[in-house]
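Below is one structure; the comments refer to it alone.
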Amino acid sequence: MAMQMKIYVPPHPLVRHWLAVARDKNTPSTLFKTAMVELGRWLTYEAIRDWLPTIDTQVETPVGVADASFINPQSAIATIPILRAGLTLAEGAQTVIPLASTYHLGLVRDEKTLKPSCYLNKLPEKFALDTRILILDPMLATGGSMMYALEEVSKRGGNIDLTRIISVVGAPPALKELGTAYPSLTIYSAMIDEEVNDAGFIVPGLGDAGDRSFNNA
Ligand code: PRP
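The letter at position 193 of the sequence shown is residue 256 when you use our numbering, and the numbering goes up by one with no holes.
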């Protein structure tokens, strides 16, 4: 059977709670940012469950010997926040995978064409084939921004089989495009919404996550 992109929507009350806070138009910017950080934390917690390399060993406790499993300190883990809105998700992700290297990618969509352009690319020249890569962006609307990011990752040898996306709200156009281009990709999202309107906003969505996170509204 042909491989198909996996999309997980973790049914966790904390994810539901912070999504509700983020969606509410009356949520002030400071609390919106907190919601994004928390969603970054809990979605990353879910996404790394079967993905983080560990070493099985034993440890001596004060009273005996126990089988033990540590996170492999040699494992290469990369987080890629897509600026601006992905920065807040990355803040939460960092609390669960502090060993990760962070590579920033600054993308902005043209308001009319909805095509992304890049104003900052701090990706490394080359990713090792075993690097676990987490790309963070709260919104997958048309999919243009994430497609751009994945192309940059692929060009640098990034292994899409080990790449996971953390998003808050995904929409059908993005999921269709990503799934067609990258069937081995895995997405963790707090919710999948119905549609993208003519202005490029996910409906019902949560508005402009970048503006709301940084009090630019
Ligand atoms: C928004 C959002 C995503 C992108 C999603 O970013 O944060 O990065 O659009 O849309 P797409 O799937 O149609 O590409 P924006 O360009 O508004 O920049 P910002 O994060 O700085 O607000």
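Using N, Cα and C, we set each Cβ at its ideal position, and we do this for glycine too.
Short note on Thr124: C-beta not closer than 7 angstroms to any heavy atom of the ligand PRP. Around the Cβ of Ile118, a 10 Å sphere holds fewer than 16 other Cβ atoms; the residue is exposed. In terms of Cα proximity to Ser208, the closest of Asn222, Glu174 and Glu188 is Glu174. Bridge pairing for Gly127: Thr124 [DSSP]. Pairing Leu241 with Gly127, the inter-Cα distance amounts to about 50 angstroms. Of Met254, Gly270 and Asp271, the smallest CA-CA separation from Arg79 is found for Met254. Relative to the non-hydrogen atoms of the ligand PRP, the Cβ of Ser132 never comes closer than 7 angstroms to any of them. Looking from the CA of Ser230, the closest CA among Gly206, Lys218 and Asn222 belongs to Gly206. When DSSP states are grouped into helix, strand and coil, Tyr71 belongs to the strand group. Unbroken beta strand (DSSP E) runs of no fewer than 3 residues, entirely contained in the segment 140 to 209, are found at 140 to 146, 168 to 172, 179 to 184 and 195 to 199, following chain order. Taken from the Cβ of Leu203, at least one heavy atom of the ligand PRP lies inside 7 angstroms.
Cβ neighbours of Arg104 within its own chain (closer than 8 angstroms, five residues either side excluded): Gly155, Ala156, Thr158 and Val159.
Residues of the same chain with a CB within less than 7 angstroms of the CB of Ala129, apart from the 5 flanking positions on each side, are Gln121 and Val122 in chain order. For Tyr211, no pairing in a beta bridge is given by DSSP.
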